[in-house]
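Numbering (the working numbering), first residue to last: 93 to 255.
As structure tokens, the structure follows; a few thoughts come after it.
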């Protein structure tokens with residue numbers, strides 16, 4: 093799937109999967125290629141998970157910062173959000189994987205290129221269940237431009253997908 097953006101457009105361009113049904117555990121992997129896109133001075137979401145009330149439970153964000161392509165994840169928890177660090181990727185296709193769970197003391201993991209980059213633990217996500225995921229830019233700055241590529245989306249309830 094290719095997603096094209098124009099400097100004057102801020103229209104979200106994503107595909108939605110509504111098959112998760114009150115999921116309390118979720119793993120997803122997809123390939124992302126920044127393809128020389130720019131994000132202005134901000135980041136944008138390239139993958140998000142939502143509950144039935146449209147609260148964003150987790151997101152993978154992309155930015156171009158000082159010439160470096162970077163990814164991070166953000167997870168909703170009781171009382172706010174927690175983010176991973178930003179991780180630099182090359183201008184090539186990369187498998188991105190997340191592992192999310194709903195629990196009083198949950199963990200969230202981000203994998204890039206088959207390697208675990210960060211696991212955030214002790215998250216109270218017990219108030220949330222997953223209903224929908226969106227792959228592709230969900231929010232785009234008017235300063236963003238270019239075409240991003242997404243491919244090979246896979247999801248499971250409980251097992252790591254791997255490279």
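The beta carbon of each residue, even a glycine, is placed where N, CA and C say it ideally should be.
Quick caveat: nothing in here was measured; it's all calculated off a predicted structure.
Would you identify the three-state DSSP class for residue 249, choosing helix, strand or coil? The residue labelled residue 249 in the question sits at position 157 within the chain shown. It is coil, neither helix nor strand.
Secondary structure of residue 270, DSSP reduced to three states: Nothing about residue 270 can be read from this structure; the chain reaches only from 93 to 255.
How would you call residue 219, buried or exposed, if buried means at least 16 neighbouring beta carbons within 10 angstroms? The sequence position of residue 219 within the chain shown is 127, counting from 1. Burial call: exposed.
Starting from residue 225, follow its DSSP beta bridges and name the residues at the other end. Numbered from 1 along the chain shown, position 133 holds the residue referred to as residue 225. Bridge partners of residue 225: 109 and 141.
With a 10 Å radius around its C-beta and 16 neighbouring C-beta atoms as the bar for buried, classify residue 252 as buried or exposed. As a position in the chain shown, residue 252 is number 160, starting the count at 1. Residue 252 should be labelled exposed.
For the beta strand (DSSP E) containing residue 115, list its first residue and its last residue. Position 23 of the chain shown holds residue 115. Run containing residue 115: none; DSSP gives neither H nor E here.
If I'm right that residue 150 touches residue 140 with Cβ under 8 angstroms, what's the distance once you round it to whole angstroms? On the chain shown, residue 150 is found 58 positions in, with the first residue counted as 1. On the chain shown, residue 140 is found 48 positions in, with the first residue counted as 1. Confirmed, Cβ separation roughly 7 angstroms.
For a test of the three-state rule: what should DSSP assign to residue 205, helix, strand or coil? Along the chain shown, one-based indexing puts residue 205 at 113. Correct three-state label for residue 205: coil.
Rounded to the nearest angstrom, how far is the Cβ of residue 122 from that of residue 188, given a contact under 8 angstroms? Here residue 122 is taken as the residue at index 30 of the chain shown, counted from 1. Here residue 188 is taken as the residue at index 96 of the chain shown, counted from 1. Indeed they touch by this definition, with Cβ atoms about 6 angstroms apart.
Would you list the residues sitting across from residue 135 in a DSSP beta bridge? Here residue 135 refers to the residue found at position 43 of the chain shown. Note: residue 135 sits in no beta bridge, so no partner.
Cβ-Cβ distance between residue 227 and residue 242 below 8 angstroms: As a first step, residue 227 must be located in the chain shown, where it is residue number 135. As a first step, residue 242 must be located in the chain shown, where it is residue number 150. Yes. Within cutoff.
Would you call the CB atoms of residue 216 and residue 155 closer than 8 angstroms? For the purposes of this step, residue 216 is taken as the residue at position 124 of the chain shown. For the purposes of this step, residue 155 is taken as the residue at position 63 of the chain shown. No. Outside cutoff.
If we call anything under 8 angstroms between Cβ atoms a contact, is residue 190 one with residue 120? Counted from its first residue, the chain shown places residue 190 at position 98. Counted from its first residue, the chain shown places residue 120 at position 28. Yes, Cβ-Cβ distance for residue 190 and residue 120 is below 8 angstroms.
For residue 195, the nearest candidate out of 107, 116 and 109 (CA to CA): Numbered from its first residue, the chain shown carries residue 195 at position 103. Closest option to residue 195, Cα to Cα, is 116.
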